[in-house]
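Chains as they are written, first to last, in our numbering: chain A, 3 to 162; chain B, 293 to 694.
Glycine residues also receive a C-beta, built at the ideal position from the N, C-alpha and C atoms.
Nothing here was measured: the structure is a model prediction, and the numbers come from that model.
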């Protein structure tokens, strides 16, 4: 049941417990209890909104940075990852398989801001061996949502 | 001597009643800002992998006729599908035909088995095509009523009342459009018994078979002694959201399917190859997408039923397809005037129950093949509409009293 509640909330966090309860055919109080529990357990972290910032006219630059690091005895990559994710400029940090170790997403108001962060803060960290910065040119799809969806309802208004 | 214009059209066609939906369609099409819950097709677009497979087939040059029966690979997949899902065994070589939508299969089936004068039993409320197709095939359609108190299931007693020596066939459509009713195994037993006893052929339109919400669909062809007298019709329109591709199929005993192919080869030749290629992809890799869509329909179904009941409308729980068929009798209005007023006052389109036969009077068909957002908005408007109606009715009743 938890999975079903989560799937609904993931696509629309505005759904009320009452709506979720009717859609899943369970009790409203049960839904409320589960949601509260999942918030407490840190399963539900945030109710956020997916925004097309470009359309909103807000200048913003993002970059994905491949970071190679030297893992440390005892803590592996966790320590260095934490030192990186504590910077507010960093949107996400993931440990990767393959030719580099950490994938770091950084946003800033312009290229200069991001470049400065990489050269002054990120690359100079102890245990960081190298960085490779890729700027995002255009977003097409994010979190499973197509940003400019051209598909619309083309059906006849009434059909048998 | 020159024919008068009116005489150019065959009386058979001239006397076909116009579709009850047509008039309402024009009304809706001419109103702006309407939210339509009157659509009889999925609101999903065909899954991308199916569309993509069609592009690829075109690139590969699949643009020719296929076998009259349909591509052998596709028939084989259909055979597997029927076996896996409904425990039906059909030989892909000579017991399955690929058609232009399930609609063509219905037409073929009727034309194949009807001798002029035969009677065909059609349970109502029903999808709009069966009666006209029966008439065009030369049969006399005989309506069997189903009712709200039976959750619009076909009852053996009602069926028996309409059977006589001329009765040749019975058309079944479960899960049902427009009521959302299903026939479970125990409901079908009596129907199968009656069919065997009276030597009836059953044309079973199972186009909504994948859209059930309370256990799997059961086909009447899976009952003892029924396989040889049943034509199972199905297609890709509803479950895979492929209405515009016009691709369906029929499976049945060899003699009947062979005879259907005879008509099909002279009138249609074969179903479009690009649609056949898409259908092949749907059967091979489409299961997961169907599951996702069914899950969403189910959530909306529960939501709509609970909203309708909150409004005070009586409504049995539909267990299949994507329709709810609530009673609007508490408003004291006819189906048609209810639908018209709802459209005019609140700009919500639903289909009057009478479009599906007389026994649909007092009901409306609501399709939940619409986004949750639109469903919420439309049902809120409808609740407001009904609240006003009952308020006015109470005032009127008071005036009448005094």
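Near residue i, which residues of its chain fall below 7 Å by C-beta distance, leaving aside the five closest residues on each side in sequence?
| i | result |
| --- | --- |
| residue 87 of chain A | 95 |
| residue 550 of chain B | 386 |
| residue 512 of chain B | 464, 480, 483, 484, 494, 496, 518 and 522 |
| residue 143 of chain A | 149 |
| residue 677 of chain B | 634, 637 and 638 |
| residue 272 of chain B | Beyond the ends of chain B as shown, which are 293 and 694, falls residue 272 of chain B; an answer cannot be given. |
| residue 448 of chain B | 482, 483 and 486 |
| residue 51 of chain A | none |
| residue 366 of chain B | 390, 568, 571 and 572 |
Can the beta-carbon of residue i be found closer than 9 Å to that of residue j?
| i | j | result |
| --- | --- | --- |
| residue 135 of chain A | residue 70 of chain A | no |
| residue 378 of chain B | residue 508 of chain B | yes |
| residue 411 of chain B | residue 436 of chain B | no |
| residue 362 of chain B | residue 342 of chain B | no |
| residue 63 of chain A | residue 138 of chain A | yes |
| residue 555 of chain B | residue 308 of chain B | no |
| residue 130 of chain A | residue 82 of chain A | yes |
| residue 614 of chain B | residue 593 of chain B | yes |
| residue 26 of chain A | residue 45 of chain A | no |
| residue 630 of chain B | residue 610 of chain B | no |
| residue 612 of chain B | residue 504 of chain B | yes |
| residue 19 of chain A | residue 420 of chain B | no |
| residue 316 of chain B | residue 653 of chain B | no |
| residue 339 of chain B | residue 578 of chain B | yes |
| residue 66 of chain A | residue 591 of chain B | no |
| residue 426 of chain B | residue 455 of chain B | no |
| residue 566 of chain B | residue 349 of chain B | yes |
| residue 575 of chain B | residue 372 of chain B | yes |
| residue 41 of chain A | residue 4 of chain A | no |
| residue 514 of chain B | residue 380 of chain B | yes |
| residue 23 of chain A | residue 16 of chain A | no |
| residue 428 of chain B | residue 462 of chain B | no |
I think residue i touches residue j, with their Cβ atoms under 8 Å apart; what is that distance to the nearest whole Å?
| i | j | result |
| --- | --- | --- |
| residue 330 of chain B | residue 320 of chain B | 7 Å |
| residue 523 of chain B | residue 393 of chain B | Rounded, the Cβ-Cβ distance is 15 Å, inconsistent with contact. |
| residue 662 of chain B | residue 335 of chain B | 5 Å |
| residue 326 of chain B | residue 641 of chain B | 5 Å |
| residue 408 of chain B | residue 430 of chain B | 4 Å |
| residue 471 of chain B | residue 617 of chain B | 4 Å |
| residue 580 of chain B | residue 345 of chain B | Wrong, their Cβ atoms sit about 15 Å apart, outside the cutoff. |
Please work out which residues of its chain come closer than 6 Å, Cβ to Cβ, to residue i, disregarding the five sequence neighbours upstream and downstream, and give them in chain order.
| i | result |
| --- | --- |
| residue 313 of chain B | 647 |
| residue 370 of chain B | 388 and 541 |
| residue 73 of chain A | 79 |
Pull up the distance between the alpha-carbon of residue i and that of residue j, whole angstroms please.
| i | j | result |
| --- | --- | --- |
| residue 298 of chain B | residue 525 of chain B | 36 Å |
| residue 141 of chain A | residue 117 of chain A | 20 Å |
| residue 451 of chain B | residue 683 of chain B | 41 Å |
| residue 528 of chain B | residue 32 of chain A | 38 Å |
| residue 90 of chain A | residue 596 of chain B | 44 Å |
| residue 391 of chain B | residue 305 of chain B | 23 Å |
| residue 103 of chain A | residue 68 of chain A | 7 Å |
| residue 477 of chain B | residue 359 of chain B | 36 Å |
| residue 445 of chain B | residue 439 of chain B | 7 Å |
| residue 725 of chain B | residue 623 of chain B | Any question about residue 725 of chain B goes unanswered here, given that chain B covers just 293 to 694. |
| residue 402 of chain B | residue 552 of chain B | 9 Å |
| residue 78 of chain A | residue 97 of chain A | 11 Å |
| residue 475 of chain B | residue 28 of chain A | 25 Å |
| residue 147 of chain A | residue 489 of chain B | 56 Å |
| residue 12 of chain A | residue 47 of chain A | 11 Å |
| residue 156 of chain A | residue 92 of chain A | 41 Å |
| residue 564 of chain B | residue 537 of chain B | 9 Å |
| residue 356 of chain B | residue 660 of chain B | 38 Å |
| residue 604 of chain B | residue 159 of chain A | 27 Å |
| residue 469 of chain B | residue 418 of chain B | 6 Å |
| residue 413 of chain B | residue 690 of chain B | 46 Å |
| residue 303 of chain B | residue 422 of chain B | 19 Å |
| residue 368 of chain B | residue 466 of chain B | 24 Å |
| residue 124 of chain A | residue 49 of chain A | 29 Å |
| residue 375 of chain B | residue 499 of chain B | 16 Å |
| residue 588 of chain B | residue 128 of chain A | 50 Å |
| residue 442 of chain B | residue 655 of chain B | 15 Å |
Counting only the same chain and skipping the five closest in sequence on each side, list residues whose C-beta sits under 8 Å from that of residue i.
| i | result |
| --- | --- |
| residue 502 of chain B | 377, 509, 530, 531, 582 and 586 |
| residue 600 of chain B | 607, 616, 618, 658 and 671 |
| residue 34 of chain A | 19 |
Checklist entry - What are the uninterrupted segments assigned as alpha helix (DSSP H) that are 4 or more residues long and contained completely in the stretch 436-519 of chain B, given in chain order? => result The qualifying runs are 448-453 and 477-489.
Item to check | Secondary structure, alpha helix (DSSP H): runs of 4+ residues fully inside the stretch 595-662 of chain B | outcome: 627-638
Checklist entry - What are the start and end residues of each continuous alpha helix (DSSP H) run of 4 or more residues lying completely inside the stretch 313-353 of chain B, in chain order? => result You should have 340-351.
Checklist entry - Could you give the uninterrupted runs of the beta strand (DSSP E) lying entirely in the stretch 74-135 of chain A, keeping only those of 3 residues or more? => result Here the runs fully enclosed are 92-97 and 104-110.
Item to check | Secondary structure, alpha helix (DSSP H): runs of 4+ residues fully inside the stretch 373-446 of chain B | outcome: 393-405 and 422-428
Next on the checklist: Restricting to runs no shorter than 4 residues, where is the alpha helix (DSSP H) found entirely within the stretch 535-576 of chain B?
Outcome noted: 546-559
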